[in-house]
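Chains as they are written, first to last, in the numbering used here: chain A, 6 to 503; chain B, 11 to 166.
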């Protein structure tokens, strides 16, 4: 492992890669601060640029964007009670009251230090857990992988849909259907191309991500008359107050951070869960851990209440990399986008990544830590200024997002058809967003579609067409049982709510 | 049963799934593959049935939280204009070239969204695109096709 860490450090500490982490964190912070535009949009916009680099640098850039976006989301939660990303909603519960008491600078500092500590601790957990899990996952067979993908898709549908499980499952099926367009990987038979040569190679992953996130989010902002840049206009450079944290606050943070980082990391590892659930859960649990006197301060500017979700959401971001790096199966929409980008580089993440491309595996882990340091050193003092950059009116912001999306597709294919297809998918996605059809399940399904078919093919061929492979192995049966439990729990929750 | 837009979308998805399933059955596989446990149409057929199942459930089951969208407050005109500008951009980018079409796309989009300060419209279109092109083409070595600049002799 020491050798791996050194390889990772050697790759991550090159001038180019440090610069990429800085750019990624900075760009991610800007996008993350804008309500409605989350990490997936930020990463999607970066994909075409990453193709100009080697895979390790590309992934490092995207990881920087991811962290930056989560940190940016916290900033708008604290300063304006307008969370940029769902994972930072819980941050506003105590961050915003603190800002209203004239302690915005302090709240930002607590959030930044907690994010740093949470991310750092989670990177350490990842450092030890990922190689061991990679070794364990080498024993996984096709039926296990197939069951894991079913679990991942069901979980993301259950957790991302705010009580709209069937809608989310429809999006899963739609994602898998889109992934099935083009040549069959084994027989080369074309499917659903309708004699259109442009569809022979299938629909580009970047096209689907750009259309369903970047472009459709931009169109939704116009359609709903939202103005995300309003947030930045309200930020005052002079009224943030001191960013110093006193001894008492430090002591409180030292108690909260370790437990919240563990909760966040474990939730992040689970497929479909992610930063939102991690932050809410750690906020709720922290309330149970503290004294009665501290409990009363929750919702009114509690240090524990702010540090807990901030630690957990960053720890969950690191945790989400565990299934991606060790199993090659993303657990969230954001890591699904990264998987798609890696596949674009010709790299298949999974248990063997650790052996075949150690520089990618370790440099991503190391760059996470470097990203945390950069977020702390650069972004915290620069937050008020970054916020001012955001005051760019939406009249400029939206065309620029559309421009980056279309350019991304243009430089990849030099094909009008792809641009039309992207616009078409974006228009449909915008309309579906209005009626709360979630997009992350579609992306995850689209990315996993090919792998899922491949593993089902192997499983069915090995078992001679019988579906017994689903319960023949204990591991497969356990994974499927978990899937069934998630569905049953969701049905129970829906009935209780009714 | 209460008919709302979500149900209509689900019905459209049901029809789409039925069409997908029909197309899946039409996929021609090799004769030696026809009776194997898995061939090129097996997975799409399962997907077609899954689509029918979930959209069917959505149509049949009562809606717990009905999503209400206030269409009067939606900005359809500007959105449609932006989409139209993007389509024109897509149609001309290959023939005219990246620089001119992208600059015009940006300038017209700013204008369509209500911007009237011409200096800013200009600065954030032509010089901005030139700088971006330099970054992509000159620094990152990403090829950009541009017949217009080639005609002017600016780009090789």
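Ideal Cβ placement from N, Cα and C applies to all residues, glycine included.
With respect to the 8 Å criterion, residue 196/A and residue 37/B are classified as neighbours on the basis of their beta carbons. Chain-ordered, the chain B residues with CB closer than 8 Å to the CB of residue 458/A read 53.
Residue contact with chain A for residue 47/B: present (Cβ-Cβ distance below 8 Å to some residue of chain A). Counting of Cβ neighbours within 10 angstroms places residue 462/A among the buried residues, the total reaching 16 or more.
When the five nearest sequence neighbours on each side are left out, the beta carbons in the same chain lying within less than 7 Å of the beta carbon of residue 268/A are those of 283, 286, 287, 290 and 317, in order along the chain. Listed in chain order, the non-local C-beta contacts of residue 66/A below 8 Å within the same chain comprise 25, 26, 28, 29, 51, 54, 55 and 58, local neighbours out to five positions each way being set aside. Per the Cβ contact rule, the region 405–417 of chain A is not in contact with the region 298–315 of chain A (fewer than 3 Cβ pairs under 8 Å).
Pairing residue 361/A with residue 123/B, the inter-Cα distance amounts to about 50 Å. When beta bridges are read from the DSSP output, residue 188/A appears opposite 195/A. For the region 20–31 of chain B, the set of residues with a beta-carbon nearer than 8 Å to any beta-carbon of chain A comprises 20, 23, 27 and 30, in chain order.
When DSSP states are grouped into helix, strand and coil, residue 274/A belongs to the helix group. Taking residue 79/B as the centre and dropping the five residues before and after it, the same chain places the C-beta of 15 closer than 8 Å to its C-beta, in chain order. Within the region 73–97 of chain B, 74, 75, 77, 79, 83, 84, 85, 86, 88, 89, 92, 93, 95, 96 and 97 place their CB atoms closer than 9 Å to a CB of chain A, listed in sequence order.
Nearest in C-alpha terms to residue 80/A, of all of 104/A, 62/A and 439/A, is 104/A. For residue 364/A, same chain residues with a beta-carbon under 6 Å away, outside a window of 5 residues either side, are 12, 16 and 61 in chain order. The beta carbons of residue 124/A and residue 78/A sit about 14 Å from each other, so the pair does not count as a contact at 8 Å. Linking residue 223/A to residue 296/A through their CA atoms gives a straight-line distance of about 45 Å. Remark: C-beta atoms of residue 369/A and residue 326/A approach each other more closely than 8 Å. The DSSP assignment places complete alpha helix (DSSP H) segments of no fewer than 4 residues inside the region 429–473 of chain A at 445–467, in order along the chain. In terms of Cβ geometry, residue 479/A and residue 155/A do not form a close pair [threshold 8 Å].
Taking a contact as a CB-CB distance under 8 Å, the pair residue 93/B and residue 158/B does not count as one, their CB atoms being some 24 Å apart. Put simply, of 266/A, 471/A, 464/A and 448/A the residue whose alpha carbon is nearest the alpha carbon of residue 162/A is 448/A. Chain A places a beta carbon closer than 8 Å to that of residue 33/B, counting this residue as a contact. Using a CB distance cut-off of 8 Å, residue 408/A counts as an interface residue toward chain B.
Here residue 81/B is exposed, its C-beta having fewer than 16 other C-beta atoms within 10 Å. Taking the beta carbon of residue 152/B as reference, the chain A residues within 9 Å of it are 53, 54, 56, 57 and 416, listed in sequence order. Between residue 445/A and residue 158/A, the CB-CB gap reaches or exceeds 8 Å. Distance between residue 8/A and residue 424/A, taken at the CA atoms: about 45 Å.
With respect to the C-alpha of residue 19/B, the residue from 65/B, 45/B and 59/B having the closest C-alpha is 65/B.
The residue among 272/A, 354/A and 210/A with its C-alpha nearest the C-alpha of residue 187/A is 210/A. Contact with chain A is absent for residue 148/B, since none of that chain's Cβ atoms lies less than 8 Å from the residue's Cβ. In this structure residue 390/A is exposed. Its beta-carbon is surrounded by fewer than 16 other beta-carbon atoms within 10 angstroms.
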